[in-house]
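Asks:
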Amino acid sequence: MGSNQEGLVQRDVVRLGLLQEAEKQFLSSLKSHRLVYNRLGQPLVANKYYEQGLMLYHDDVTLLTGLARNKEAIACIATNCFYNDKPEIALRYYRRIMQMGVNNAELMMNIGLCCFACQQFDFALSSMQRAHSTATEETAGEIWYNTGHIMLAIRHTTSESLL
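Residues 1 to 163 (UniProt numbering) are what the sequence shown spells out, left to right.
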């Protein structure tokens with residue numbers, strides 16, 4: 001069904017007082033719009049529809065899952081670029097994830113690793129510092145592991161002066 005037809009069906013169902021059916025129609029239209037934009041390769045527009053749906057249906061698992069999948073897909077693309085020796089492109093994707101509101105130690109460390117690979121050492125060190133300051137107990141080991149690799153790569157054996 002087209003967007004206008006879906007809107008007409010929803011409006012008529014609401015006027016008839018069939019609110020549960022109207023809700024099903026509304027969720028169906030949100031899902032179809034999301035799928036269209038994902039197929040077009042425009043996940044940011046799909047995210048907009050997810051966020052609009054979340055304004056109406058707080059904590060809806062389907063909408064939250066779809067929003068998370070888009071962010072995870074961008075992270076996978078960034079990781080793939082990084083491991084294919086394209087850290088500049090990976091850095092763009094990681095920064096986009098940061099613009100989408102994600103701010104955690106893993107993301108900051110990945111940005112730091114990309115900056116280091118691009119030889120942007122000042123940004124690499126500041127990102128590593130942010131990663132250490134936001135790390136939780138579960139992620140601290142991974143953050144220190146990556147920090148150790150960077151320190152060894154620059155032949156720096158004491159990290160007190162850098163962190």
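Ideal placement from N, C-alpha and C gives every residue a C-beta, glycine not left out. From a predicted model like this one, the values you see are computed outputs, not experimental measurements.
1) At the level of alpha carbons, what is the spacing between Ser-28 and Asn-84?
2) Can you tell me which of the three DSSP states Gly-2 falls into?
3) Between which two residues does the alpha helix (DSSP H) holding Lys-71 run?
4) Can you give the beta carbon distance from Ile-111 to Ser-127, rounded, assuming they're within the 8 Å contact cut?
5) Quick one: any contact between the region 117-127 and the region 96-104, if contact means 3 or more CB pairs under 8 Å?
6) May I ask you to report which of helix, strand or coil DSSP gives Cys-114?
7) Near Arg-96, which residues of its chain fall below 7 Å by C-beta distance, leaving aside the five closest residues on each side in sequence?
8) Consider the Cβ of Thr-134: report whether some Cβ of chain B lies at a distance smaller than 9 Å.
9) Whole angstroms are fine: how far does the CA of Arg-130 sit from the CA of residue 175?
10) Between Ala-105 and the rest of its own chain, which residues show a CB-CB distance below 6 Å, the 5 nearest in sequence each way excluded?
Replies: Looking at the coordinates:
1) 39 Å
2) Its pLDDT being 47, under 50, Gly-2 is placed unreliably by the model, and the measurement read from it follows with that caveat. The answer is coil: DSSP assigns Gly-2 none of H, G, I, E or B.
3) Here the alpha helix (DSSP H) through Lys-71 covers 61-83.
4) 5 Å
5) no
6) helix
7) For Arg-96, where only same-chain residues beyond five positions count, the Cβ hits under 7 Å are Ile-74.
8) No chain B is present in this structure, which holds just one protein chain.
9) The requested residue 175 is not part of the displayed model; the chain covers only 1 to 163.
10) Ala-131, Thr-134, Ala-135, Thr-139 and Ile-143
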